[in-house]
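Student: Each number in our numbering corresponds to the 1-based position in the sequence shown with 12 added. Even glycine gets a Cβ: it sits at the ideal position worked out from N, Cα and C.
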Amino acid sequence: MDRRIQKTRYAIMNTFMEIMNEKIFEKITINEIAERANINRGTIYLHYIDKYDLLDKCIETYIAQLVQHCNEKHNGNESPTNTVLRGAFEHLQDNFDYYKVLLTNEGVPLFRNQLYKMISQILNKEVSNIKNTNDISTEVKIQFLTSAIVGVLEWWVVNLMPISIDEISKQLWSLIECNYVDFLPVHK
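1) Is DSSP giving I61 helix, strand or coil here?
2) For L135 versus I148, is the C-beta distance shorter than 8 Å?
3) Thinking just about the alpha-carbon of each residue, which of D65, N171, I188 is nearest to the one in V113?
4) Measuring straight from C-alpha to C-alpha, what distance separates T20 and E38?
5) Under 8 Å between C-beta atoms, does L127 make it to chain C?
6) Just tell me which of I175, F28, Y22, R15 has its CA closest to the CA of Q105.
7) If the criterion is Cβ atoms closer than 8 Å, does the pair I31 and I40 meet it?
8) Go to E118, then tell me how far its alpha helix (DSSP H) extends in each direction, as first and last residue.
9) What would DSSP say about N146, mapped onto helix, strand or coil?
10) Quick check: what's the CA-CA separation for E166 versus L58?
11) Please identify the residue among I61, I75, L97, I36 whose C-alpha is closest to the C-alpha of K85.
12) Answer yes or no: do H103 and Q126 have a C-beta to C-beta separation smaller than 8 Å?
13) Excluding the 5 residues flanking V162 on each side, which residues of the same chain have their C-beta closer than 8 Å to its C-beta?
14) H199 by DSSP, collapsed to three states: which one?
15) Going straight from the alpha carbon of T55 to that of R16, what length do you get?
16) In the DSSP assignment, the alpha helix (DSSP H) including L172 goes from what residue to what residue?
17) Roughly how far, in whole angstroms, is the beta-carbon of L66 from the beta-carbon of F28, given that I think they are within contact range, below 8 Å?
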């Protein structure tokens, strides 16, 4: 992709996120984004259909960045580890302002839903070949784990990272281990 296009999209998305930090999504206008980004309104429409498309692209971008960062931490291991979980928290901390906006803006429940869907898909892929050794269905376990992980990630960001990355990843991994030692191929 042409660097000018990347630079323009970055400016638009960055400005959009700044405005979302100040007001709810529904009250944001394309004119406001264009003025603040110091670009022509038509330029935004060259890249995005409307503010909903812009929001979708922001969500896709930040979910993809989170997945990419976690995949780099996964480093070819057979199963997820505490290192992957720690990597997720590191990425959230490094991009805190963006994720806080996406998790707290009243007009953006879509981000949480996409995060939930992404984590659920990853867990489903990870456990698809593992034999169930108790009476709890795999689907229920995946939903429970996904809810727990998303809930803790969200709590940590919304509450301004009240405990260290080491501590939050260690505690969440311990909860996963003690509840699903027979479900996930757990490696420390």
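Tutor: For this structure:
1) coil
2) no
3) When each option's Cα is compared against that of V113, the closest is N171.
4) 23 Å
5) Going by chain labels, chain C is absent from the structure shown, which holds only one protein chain.
6) Of the listed residues, the one whose Cα sits closest to Q105 is I175.
7) yes
8) Counting along the chain, E118 falls outside any alpha helix (DSSP H), and DSSP gives it neither H nor E.
9) DSSP, read as helix, strand or coil, puts N146 in coil.
10) 33 Å
11) L97
12) no
13) R124, L127, Y128, I131
14) Because the pLDDT at H199 is just 44, under 50, the model does not fix this residue reliably, and the point stays unresolved.
15) 12 Å
16) Where L172 is concerned, there is no enclosing alpha helix (DSSP H), given that its DSSP letter is neither H nor E.
17) About 6 Å separates the two Cβ atoms, so the contact holds.
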